[in-house]
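**Student:** Dropping the structure in here first, questions after.
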Amino acid sequence: AAKKQGLGRYQFYQEALTQTVTDRLQLTAEIRQALVQQDFVIHYQPQYCHDNDKIVGAEALVRWRHADKGMIPPAEFIPVAEQSDLINELGIYVLKTACQQCLAWWKRGLPRFSLAVNLSVNQLRPGVAAEFQALLMEIGFPLANLELEVTESLIMKYEDLSELKALQALGIAIAMDDFGIGHSSLAQLKHLPISKLKIDRSFIKDIPAADNDMLIASTIISMGHSMGLKIVAEGVETAAQKSFLAEKGCDLLQGYLLSKPLPAEEFERLLLARQQA
Ligand code: C2E
Ligand code: MG
Ligand code: MG
Ligand code: MG
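Okay, structure coming up:
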């Protein structure tokens with residue numbers, strides 16, 4: 342009976358697995374089509390200087406404007422795109438679109454800031470630095486205004502950091518995203534080509550109730566600073582979190598308290614308001 346049950350269970354899993362593969366293939370095809378139809382849009386979330394509320398950066402965050410399903414968040418399609426070469430196409434699309442958008446703003450005299458674009462580690466294939474350089478030169482985007490965010494867990498898995506180093510050598514800043522949840526020690530950081538740490542939202546969300554999170558956040562800030570790194574806190578949602586982080590000298594703050602990620606038109610209005618202020 343046990344054997345029969347086991348077999349039944351096996352068939353069940355088989356079915357579930359087949360289902361997943363089919364779903365994934367279908368999603369892959371839909372992403373490919375969405376790229377052609379330009380159904381991906383980019384939202385911009387401002388990053389503020391901790392002491393004067395100046396917008397010093399903006400993170401580009403991709404969304405899929407789906408005809409039937411509405412706005413689909415990146416968590417639902419980036420992992421699928423990462424399983425094939427699609428992530429490279431999508432990554433280039435985001436980089437190009439965001440850079441062109443910012444340049445258009447700056448050409449109209451709107452305040453400049455550093456544009457942060459998320460980079461999937463799968464995009465770190467040989468030649469990517471040269472490819473980005475060519476693309477940015479073609480667009481005319483200043484390399485010093487670009488920052489690439491790479492997650493900690495992924496960077497630690499990746500052994501060959503030559504492309505990341507080449508990107509940094511071009512003058513592009515590299516930020517380590519979601520820092521603190523991976524397995525790197527602060528000591529390992531000095532070997533990495535990075536200039537910024539983004540404290541993961543999980544350490545921010547329970548401030549000021551959680552003493553250990555406050556300790557972790559302030560340790561990341563002070564040790565990061567001693568290594569010459571700039572620190573960003575992501576997911577700042579309350580005034581108490583903001584004042585704690587500002588008091589600890591966290592350089593940049595990003596989160597719903599300050600602003601949600603905004604469609605280009607709304608982000609533009611924010612820049613215009615700043616310009617007039
Ligand atoms: P991430 O790079 O860590 O981006 C921050 C995420 O936190 C964003 O979610 C943002 O909307 C959200 N967030 C910002 N402030 C707050 C807050 O105060 N509270 C809360 N609860 N959330 C906040 P989003 O846009 O859904 O993006 C999720 C992830 O998808 C990103 O995490 C990033 O890893 C990935 N992603 C987004 N766009 C791209 C892209 O163009 N390329 C790649 N490779 N990955 C991307
Ligand atoms: Mg990010
Ligand atoms: Mg992050
Ligand atoms: Mg995150």
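The numbering of the sequence shown is full-length UniProt numbering, which starts it at 342 and goes up by one.
The beta-carbon is built from N, C-alpha and C at its ideal position, and this holds for glycine as well.
The model shown is predicted, which means the values in this text are computed figures rather than measured ones.
Which residue from Val462, Ser567, Met568, Gly596 puts its Cα closest to that of Asp541?
**Tutor:** It is Gly596.
**Student:** Determine the DSSP secondary structure at Cys443, reduced to helix, strand or coil.
**Tutor:** Note: Cys443 maps to helix in three-state DSSP.
**Student:** With ligand 3 as the reference, list in chain order each residue whose Cβ lies under 6 Å from any of its heavy atoms.
**Tutor:** Every residue passing the under-6 Å Cβ criterion appears here: Asp518, Asp519, Lys539, Glu575.
**Student:** Hey, quick one: how far does the beta strand (DSSP E) through Gln388 stretch, first residue to last?
**Tutor:** Unbroken beta strand (DSSP E) run through Gln388: 381-390.
**Student:** Cα separation between Tyr389 and Lys537?
**Tutor:** Tyr389 and Lys537: Cα-Cα distance of roughly 14 Å.
**Student:** Is Asn486 near ligand 2, with its Cβ less than 8 Å from a heavy atom?
**Tutor:** It does not: the Cβ of Asn486 is nowhere closer than 8 Å to a heavy atom of ligand 2.
**Student:** With H, G and I counted as helix, E and B as strand and the rest as coil, what does DSSP make of Phe520?
**Tutor:** Three-state result, Phe520: strand.
**Student:** Tell me where the alpha helix (DSSP H) around His566 begins and ends.
**Tutor:** That run of the alpha helix (DSSP H) goes 552-567.
**Student:** What does the Cβ neighbour count give for Ser455, buried or exposed, with the cut at 16 atoms within 10 Å?
**Tutor:** Burial call: buried.
**Student:** With DSSP run on the structure shown, which of helix, strand or coil describes Val577?
**Tutor:** Three-state DSSP puts Val577 in coil, outside helix and strand.
**Student:** Just grab the DSSP bridge partners of His532 for me.
**Tutor:** DSSP output for His532 lists no bridge partner at all.
**Student:** When you compare only the Cα positions, how much space is there between Ala422 and Ile428?
**Tutor:** Approximately 5 Å between the Cα atoms of the pair.
**Student:** Do Val458 and Glu504 have their C-beta atoms within less than 9 Å of each other?
**Tutor:** Going by C-beta atoms, Val458 is not nearer than 9 Å to Glu504.
**Student:** Can you determine whether any heavy atom of ligand 2 sits closer than 8 Å to the C-beta of Glu490, and answer yes or no?
**Tutor:** Glu490 Cβ: within cutoff of ligand 2.
**Student:** Shorter than 8 Å, the distance from the beta carbon of Asn463 to the closest heavy atom of ligand 2, or not?
**Tutor:** No, since every heavy atom of ligand 2 falls outside the 8 Å radius drawn around the Cβ of Asn463.
**Student:** Would you report the Cα separation of Phe482 and Cys440, rounded to the nearest angstrom?
**Tutor:** Using only the alpha carbons, I get a separation of about 6 Å.
**Student:** Measure the CB-CB distance between residue 327 and Leu402 and report whether it falls below 9 Å.
**Tutor:** It is not possible to answer for residue 327, since the shown part of the chain is limited to 342 through 618.
**Student:** Tell whether a beta-carbon distance below 9 Å holds between Val491 and Val469.
**Tutor:** Not a contact, by the Cβ cut-off of 9 Å.
**Student:** Could you work out which residue in Glu493, Ile535, Gly523 is closest to Ala510 when comparing CA atoms only?
**Tutor:** For Ala510, the nearest C-alpha among the options comes from Ile535.
**Student:** Can you tell me whether Ala342 is buried or exposed? The criterion is at least 16 other CB atoms within 10 Å of its CB, across all chains shown.
**Tutor:** Legend: pLDDT at Ala342 = 43, less than 50; position of this residue unreliable, value from coordinates given subsequently. Per the 10 Å Cβ criterion, exposed.
**Student:** I'd like to check one pair, Lys583 with Leu593: are the Cβ atoms closer than 9 Å?
**Tutor:** No, Cβ-Cβ distance for Leu593 and Lys583 is not below 9 Å.
**Student:** Where does Asn393 sit, in a helix, a strand or coil, going by DSSP?
**Tutor:** DSSP places Asn393 in coil when its eight states are reduced to three.
**Student:** Given a threshold of 16 other Cβ atoms within 10 Å of its Cβ, counted over all protein chains shown, does Asp394 qualify as buried or as exposed?
**Tutor:** With fewer than 16 Cβ atoms within 10 Å of its Cβ, Asp394 is classed as exposed.
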